[in-house]
Amino acid sequence: MKTLSYLALFVFGLGLTACSSEEKHINEHHPETVEKSPVKLESALEEGHEGHHHEDWSYQGETGPEHWAELENTSSCGGMHQSPINIVEYKTDEALPPLDIQYADQTILHDVINNGHSIQYDFEAGDYIVLEGEKYYLKQFHFHEPSEHTIEGVRYPLEMHLVHANKEGEIAVLAVMAKEGGQSAPFDFLEAYLPLEPGAQKEIGKPFDMNLNLPKDRSYYHYTGSLTTPPCSENVQWYIFKTPINISLKQAKVLEENMPVHNYRNEQPVNDRIVKASRNF
Numbered sequence: 001m002k003t004l005s006y007l008a009l010f011v012f013g014l015g016l017t018a019c020s021s022e023e024k025h026i027n028e029h030h031p032e033t034v035e036k037s038p039v040k041l042e043s044a045l046e047e048g049h050e051g052h053h054h055e056d057w058s059y060q061g062e063t064g065p066e067h068w069a070e071l072e073n074t075s076s077c078g079g080m081h082q083s084p085i086n087i088v089e090y091k092t093d094e095a096l097p098p099l100d101i102q103y104a105d106q107t108i109l110h111d112v113i114n115n116g117h118s119i120q121y122d123f124e125a126g127d128y129i130v131l132e133g134e135k136y137y138l139k140q141f142h143f144h145e146p147s148e149h150t151i152e153g154v155r156y157p158l159e160m161h162l163v164h165a166n167k168e169g170e171i172a173v174l175a176v177m178a179k180e181g182g183q184s185a186p187f188d189f190l191e192a193y194l195p196l197e198p199g200a201q202k203e204i205g206k207p208f209d210m211n212l213n214l215p216k217d218r219s220y221y222h223y224t225g226s227l228t229t230p231p232c233s234e235n236v237q238w239y240i241f242k243t244p245i246n247i248s249l250k251q252a253k254v255l256e257e258n259m260p261v262h263n264y265r266n267e268q269p270v271n272d273r274i275v276k277a278s279r280n281f
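The sequence shown maps to residues 1 to 281 in full-length UniProt numbering.
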C-alpha cells in the first residue's frame, strides 16, 4: 500500500503496507450482476453505522470484521459483492453524468449520536441526490478513521459516508475521503457537539450546508456493493469522490477520541464487479 504523508501517520501510527497481491481484481469481461433485491433502509437501521448501535459486533477480536459472517446466519457479510474495496482497476465511462446533488444551505442537522461504532449526524428532511431520475434523501453521515475504501492502494486518514435512501428505502452512499490540510470550518461546527460518550445523543437543531463538506472536483468512482458493517446487506450504490477534502490534524484527533480505534473494515474481493469512473467534472 502506498505511503501517505497524511495525518493518519501521526494520529494512529498506522503502518501503510503493500496491498496483498492475492486480492481479486475486477473482471472487465463480465457485466456486473445483481441477483438480490436492493437493500432497504429499514433493514439497515437495525444494525451497523448505516443504522443504530448493535452490541454483537466490533472491530476487534472474536467479534471483529474477520468474524462478522459467523455472527449471524442471516447476514450477508460473506457475500460476493461486499464493501469496501480497493479501487485499482476501473473503466472510465464517459456516459456517467455529474452527480445531481441537491443540498440546501438551510437543511436542519437534527442530532449527533455516538452509536458505539462511529459518530453519526442525522438530518431532517430536505437534502437529496437524484439518481436515474429518482430522489435519494440524505438521512445521515458518519465517519471511519482511517478510510475503508482505498484508491490504488492508498488508505486515507478519514472517510465520511453520506447515507441516502429513496422512497422504497433503497440505499445510495456518497463517500468522501479526507487528508491532512488546513482547518475545516464545517468540521469545527460539527465537533462543537463533541465529546459524546458511547450510546449518548445530543440535539443540534441548526442548519448545516453539507455542500461545504464536499470536494470542489465532483468526479467519482461508482460500483455496487454493500453496507460496510453488519448485516453487510448488498446492492448498495456507492459513489466515491476521487478528490479528498482537507481537515486538520487536531480535527481528526477529536473524531479519533470519540470512536473505536481503527473503525474500518478491510477491503473485500471485487470478484465479478466492474468499477466505473466518471470523467472529470
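Where is the CB? At the ideal position from N, CA and C, for every residue including glycine.
Exercise for the section: Could you tell me the distance, in whole angstroms, from the CA atom of residue 189 to the CA atom of residue 266? Expected result: Locating residue 189 in the sequence shown gives position 189, where the first residue counts as 1. Locating residue 266 in the sequence shown gives position 266, where the first residue counts as 1. Spanning the two alpha carbons is a distance of roughly 30 Å.
Handout entry: Presumed contact (8 Å Cβ cut-off) between residue 93 and residue 277, rounded CB distance
Key = Position 93 of the sequence shown, counted from the start, is the residue given in the question as residue 93. Position 277 of the sequence shown, counted from the start, is the residue given in the question as residue 277. Yes, they are in contact, since the Cβ atoms of residue 93 and residue 277 sit about 7 Å apart, within 8 Å.
Practice task
Excluding the 5 residues preceding and the 5 following residue 191 in the sequence, name in chain order all residues of the same chain whose CB lies nearer than 7 Å to its CB.
Solution key: Numbered from its first residue, the sequence shown carries residue 191 at position 191. If we look at residue 191 and ignore the five residues flanking it on each side, its Cβ neighbours are 251, 254.
Problem - Cα-Cα separation, residue 87 to residue 150 - result: Your numbering for residue 87 matches position 87 in the sequence shown. Your numbering for residue 150 matches position 150 in the sequence shown. Residue 87 and residue 150: Cα-Cα distance of roughly 6 Å.
Handout entry: Residue of 223, 81, 123 minimising C-alpha distance to residue 289
Key = With the chain covering only 1 through 281, there is no way to say anything about residue 289.
Exercise for the section: Hey, could you find the ends of the beta strand (DSSP E) residue 173 is sitting in? Expected result: As a first step, residue 173 is located in the sequence shown; it is residue number 173 there, counting from the start. It spans 171-180 - the beta strand (DSSP E) in which residue 173 sits, taken as one unbroken run.
Problem - Close Cβ partners of residue 204 (< 7 Å) along its chain, the five nearest in sequence each way excluded - result: Here the question's residue 204 lines up with position 204 in the sequence shown. Hits under 7 Å: 109, 110, 111, 112, 193.
Practice task
Pull up the distance between the alpha-carbon of residue 118 and that of residue 74, whole angstroms please.
Solution key: Residue numbering aside, residue 118 sits at position 118 when the sequence shown is read from its first letter. Residue numbering aside, residue 74 sits at position 74 when the sequence shown is read from its first letter. Rounded to whole angstroms, residue 118 to residue 74 spans 23 Å at the Cα level.
Exercise for the section: Take the Cβ of residue 200 as the centre, count every other Cβ of all protein chains shown within 10 Å, and call the residue buried at 16 or more, exposed below. Expected result: On the sequence shown, residue 200 is found 200 positions in, with the first residue counted as 1. Label assigned to residue 200: exposed.
Problem - Cβ pair residue 302, residue 228 closer than 8 Å - result: Nothing in the structure corresponds to residue 302, since the chain is present only between 1 and 281.
Handout entry: DSSP state of residue 229 mapped onto helix, strand, coil
Key = As a first step, residue 229 is located in the sequence shown; it is residue number 229 there, counting from the start. Note: residue 229 maps to coil in three-state DSSP.
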